[in-house]
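Following: one structure in structure tokens, then a few remarks.
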Amino acid sequence: MVGQIDENSINESKLSLCQFAVPLLLPNPETQQCTLMLWAMRDIVKQFIPHPPGDSKEYVEKSIVETELPMVSFVRFGDSSLSKSKVLNDLSNSQQTHNTFVHRNMRAGNIPKTISDGLVEISWYLPSGIPNIDVFPEPVAVANLRGDIEDFPTQFKFLCETSAAMFVFCDDLDVKCIPDLSQLKLQLFIVCDFQSGLKKEAAEFQKYNVEIIEKRKNMNEAELVDKICSEVKKVLKSDHLKIKVESMVDVASQLSIPVDEECSPCDTAKYRAARVTENIKLPLQGTTWKELTRLEKEQCILKLAGDEKHESNKTEQRREQVKIGMSDSVKWFIEGLKSPEEERSYFLKWMKIILDNISRAKHSELMKRDQRQAFPEGHPDTNMKELVDRSLGTEHFLREVGQLYEASMCVPETTDLKHQLQELPTICADLMLAGFPLELMDGDVSNIPMRWVTDVLKELDSLIQLNNKIRVVTILGSQSSGKSTLLNTMFGVQFAVSSGRCTRGAFMQLIKIKHEFRDVIKCDFLMIIDTEGLKAAQLLDLTDNYKHDNELATFVVGLSDISIVNIAMENHSDVRDLLQIVAHAFLRMSQKESGKKPGCLFVHQNVPDISAPHKNRRDQKLLLEQLNEMTSVASRMEHLGKDLVFTDIINYRAEDTCYLPGLWYGSPPMAPVNQGYSEGVAKVKSYLIQTFSNKTEAAETLLDFSKSVKDLWDAVKCENFLFNFRNSLVAEAYSKLSAEFSSWEWDFQKPISIWLLEAETRVANYGLIDSQEENLLDKFAEELRTEANLQLERHGNIFVNKVAEYYKTGANLRLVEKYKNEFHIDTESRKRRMAKTVERRLEVAVDVRKCTFGVDRITKNNKTIMEKNVSELVECCRGKQKMTVEQIEQEFEKMWTETSEQLSFKCHETQNVPALITTDLHVNLTREGPKVQEMLNKSKPLENCGKDAFKVNREHIIKKLFNKNFSKSTFETEKVQDMANDTINQCLTFVAGKVKEKTDYHPAHTMELLELIENNLKKHCELDISPKIAAALKIHICGHAAREFQSMHEAFIKDKDPERNFLALKPQYCNDFKGLYYQKETRKEYKRKAK
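Sequential numbering from 2 applies to the sequence shown in the numbering used here.
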């Protein structure tokens, strides 16, 4: 029953899309009982522009069953020499190129009728707003009764009650044959041949205000159609009846005509859907989900996996979602999903109908507002973004369910919520098996609820058990280029194509393959992935926002067996850039992440020229050459050699291209579907079948697909460099400029770092060599700050000038012109950062020197102070017994404490040198691929690296991509090992030299070390050293340097610590104190004896 209901709905929707009439009253051939097909027409949505009285024209998009329209009915009494259906076709189609109604003069139109008698079919004429084209100024419903009205009185009465006018075709008509003629409210017309002899009846009909239209001998059918058309226009101008299809239920009820949607499951489902949409609240898709997305991507980019604080932040966001809880809308929606199968089918359909109506109402409102306000040039249309944000679909509710599910699984204390949601993955798996699309990627935040998607696919796999082999077909293309329509036409699926409801993110839909075709295409199911349009209008306010498109394209192409690249017309420049970025991204991923080798099929839409395939062969070859050239550039950047081409990564031949004419044959809204479009889609489908049949590798299972989704998305999130660029040429040019910029930055930092080390030494030695006064230290520090500002200004200007000079004379300026301002801002930022570093270190050096001045004073005055304190102690003890050693030490401690309290110790802070070097190393490797970033992440803590001998292994020198190896010979491997050993020895010597200087650690040391490594790599460029080898070498050397520089830094802090140096004097001062006491006590004893 459910399947039959859905099939009727789909069939009527497609019939109407193709401008064919659809059943309004459908008779049962066995019982002759007709049914009002209201539910079957619920999916039909029409767009039109009526002619208003004034100049303004309002675009209308509405469900046809909810649109109030005049209906004109055409019926037949007895025999008629005129073809009613042909007249209807000519009436509603001014171009006379399409048959909306089947008639006897068309091919196969004269076959015996077996099921159509008694059928009332309906079609609609819709104006385009262009007076010269439109037949009628406002939309009109046209109904046609198949058969004689004498045989079908119920249908005739129904039409009399619902029509504004009726045209009766006949050759021999009696007034008595039309019951209750005097009570008819509609305008009645009799259409007959002049030879039929109705003159006797004419006067009788005129009594009832019935008009007769005669086809005279000298009148052809076109003139007859014009006359009928003229009468219809008169009816439309009069005060005529307008009615909605859903309002015809009352008339049907009076005539005991059943309605297809009048059943208990449908009524209950409608009630549930109304409750869900009564007060829609989807709170979990707000700031918490966006913040979670930010945290996840930050975790990948900054390599914080396993970081407790970061994981805690994510858990806290999930806990916040649990705290927000389930809104009433979602609660009712989940109850609808858990309802019986038949009711659930109705429920989801009602949800779609109601949400589409809400979105269309918002769309209409925003369009009216758009007409009233103008947006200045260069300013984004905020209404477009608002339209996208307000467009609601069932996917938003399923997204909310997915967020609830994810939150319940991430937070341990959600037992009750888990119990409520545990069966939802199984329900969604059932929906996928029934042909319902599931959101794979949330397009609003560009993220995947991985646990939710994985569990749904796992349940889906358990439902289909052994027959779980799938092939994956994806589609890419610009926004509103007909991607969803192409998939719907080719596979009979129902991806959303409504105006204002463009696809966001990516949706997947499962298609079951019939048994007889499984051996042909070597799989059990097709997984179809529909994606949002590239260069979406709502993202135009973000200038050249390539990241989103590049991420999406890389992800879906990596999942697919075949990617259909949908192109509007014949311009493929945007897609060319996108595809080579995808290929470049695969080069930067491992075999596990990039998965299978996808195929690629170009489909050009809206190409009417039949010679296009022949004329564009040269362009197709040129495109492949360009893709190969860009892939070669990418392989050079990734150090994979120069023999790599695009087809090594993605299967594509220049002849893998299809051309489709426009979807519509004529001007919408009355244009039918172009037959050539359907033929072209059939060719695309044949290509897919042929490609699958020729594949040698086995199809993957659903669990394999689920794993690929996770691995590939993790890799895409970790790629933080490449996706920001239009193509690999721009990425290479930017990378080269960044390398130059790093060199200029080092040229700027190096002399200032050297000066800063000298300045710190001068401050530390202040007053030690010359007789410089302590109170002049602040003045000396101010002189150093002035000198520092001069150094910063001089070298900073050189830095700025180098950037400016590059943008005058550098190579590939057109590719990096848009980044000019970015580099200028970065230059000023580096200058300010360096100035703050110099200021801070000078301040610390001065504070430390002031502390040492205090220690020096105590050291110089120590003897005098101690003699005074001892004399006072001896005098105080006069007449008392001699003090013991313990008592003397107690007195010293007291004196030491009082003296220490007079001092304020300041010193250098101890730094985590390995962490600083790790940060510098991360910046140095930031342009490398995610695998290099993963190597750096695994190397933490850095101080544990570089303890064993460095060895070039297979992991460093072999890159396997789609079963193709890029490896070095044994001889080349030995040469790489020799280069590595030589570089390591040079770096060890450099580090030892720095340690021997006994200075403090400075970031310049790491910069010099990395520069030394890179210079050595450049000297051996003929070895084509991969990023993995370079990264492993840097990590090894920096690990050793981190340990040595940390020890050097700690030794410097220890040596320069005023408090430590002061405490080191304590034992000596204590001994001196005791000696003075005994000396004075002895003198005192001598004097007493002398007396």
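Virtual Cβ for every residue (Gly too), placed ideally from N, Cα, C.
query: Which value, in whole angstroms, describes the spacing of the CA atoms of Ala586 and Glu533?; result: 20 angstroms
query: Below 8 angstroms on the Cβ atoms is my guess for Lys245 versus Glu67; work out the distance and round it to an integer in Å.; result: 6 angstroms
query: Since Val333 sits in a beta bridge, which residues does DSSP pair it with?; result: The displayed chain sequence assigns Trp, not Val, to residue 333. Beta-bridge pairing links Trp333 to no other residue.
query: Tell me which same chain residues have a C-beta within less than 7 angstroms of the C-beta of Leu703, skipping the five on either side of it?; result: Leu458, Leu461, Asp462, Asn469 and Ile471
query: So Pro1 packs on Asn652, CB below 8 angstroms; how close in whole Å?; result: Any property of residue 1 remains undetermined from this structure, which presents the chain solely from 2 to 1092.
query: Please report the straight-line C-alpha distance between Glu366 and Trp665, rounded to a whole angstrom.; result: 28 angstroms
query: Using three-state DSSP, classify Phe1053 as helix, strand or coil.; result: helix
query: Rank Leu127, Val804 and Val608 by C-alpha distance to the C-alpha of Phe749 and give the top, closest one.; result: Val804
query: Mind checking which residues open and close the beta strand (DSSP E) that includes Ile123?; result: Val121 to Tyr126
query: So what does DSSP say about Ile959, is it helix, strand or coil?; result: Because Ile959 carries a pLDDT of 47, less than 50, the predicted location of this residue cannot be relied on, and the following value inherits that uncertainty. Ile959 falls in the coil class under three-state DSSP.
query: Check whether the Cβ atoms of Met352 and Ala274 sit closer than 7 angstroms, and answer yes or no.; result: yes
query: If Val849 and Lys1057 are in contact, beta carbons under 8 angstroms, what's the gap, nearest whole angstrom?; result: 6 angstroms
query: By how many angstroms is the C-alpha of His364 removed from the C-alpha of Leu127?; result: 20 angstroms
query: How far does the alpha helix (DSSP H) with Ser707 in it extend, from its first residue to its last?; result: Leu703 to Cys719
query: Would DSSP call Arg147 helix, strand or coil?; result: strand
query: Grab the span of the alpha helix (DSSP H) containing Leu70 for me, first residue to last.; result: Segment: none, Leu70 is in no alpha helix (DSSP H) and carries neither H nor E.
query: For the region 255 to 269 and the region 86 to 95, state whether three or more C-beta atom pairs, one from each stretch, are separated by less than 8 angstroms.; result: no
query: Going straight from the alpha carbon of Val412 to that of Gly287, what length do you get?; result: 19 angstroms
query: Where do the N-terminal and C-terminal ends of the beta strand (DSSP E) with Thr658 fall, by residue?; result: Thr658 to Tyr660
query: Measure the C-alpha to C-alpha separation of Ile449 and Pro24 and round it to an integer number of angstroms.; result: 42 angstroms
query: Which class does Ala950 belong to by DSSP, given the choice of helix, strand or coil?; result: coil
query: Which value, in whole angstroms, describes the spacing of the CA atoms of Gly1076 and Glu890?; result: 12 angstroms
query: Taking 7 angstroms as the threshold (C-beta atoms), are Ala782 and Val717 in contact?; result: no
query: State the Cα-Cα distance for the pair Phe706 and Lys684, rounded to the nearest angstrom.; result: 27 angstroms
query: Going by CA-CA distance only, name the one from Lys751, Leu713 and Glu630 that's closest to Leu730.; result: Glu630
query: If the criterion is Cβ atoms closer than 7 angstroms, does the pair Val839 and Leu757 meet it?; result: yes
query: According to DSSP, simplified to helix, strand and coil, what is Asn813?; result: coil
query: With three or more C-beta pairs closer than 8 angstroms as the rule, is the region 476 to 490 touching the region 560 to 568?; result: yes
query: What residue range is occupied by the uninterrupted beta strand (DSSP E) comprising Gly506?; result: Gly506 to Lys513
query: Measure the Cβ-Cβ separation of Glu892 and Pro915 and say whether it is below 7 angstroms.; result: no
query: Check whether the Cβ atoms of Ala1031 and Leu1018 sit closer than 7 angstroms, and answer yes or no.; result: yes
query: Tell me whether Ala683, by its Cβ, gets closer than 6 angstroms to a heavy atom of the ligand NAP.; result: The model on display carries no ligand, and the ligand NAP is accordingly not part of it.
query: Smallest Cα separation from Tyr406: which of Ser633, His397, Arg452 and Leu439?; result: Arg452
query: Which residues does DSSP pair with Asp443 in a beta bridge?; result: Asn448 and Gly506
query: From the DSSP output, in three-state form, read off His605 for me.; result: strand
query: Compute the Euclidean distance between the alpha carbons of Val277 and Tyr60, then round it to the nearest angstrom.; result: 29 angstroms
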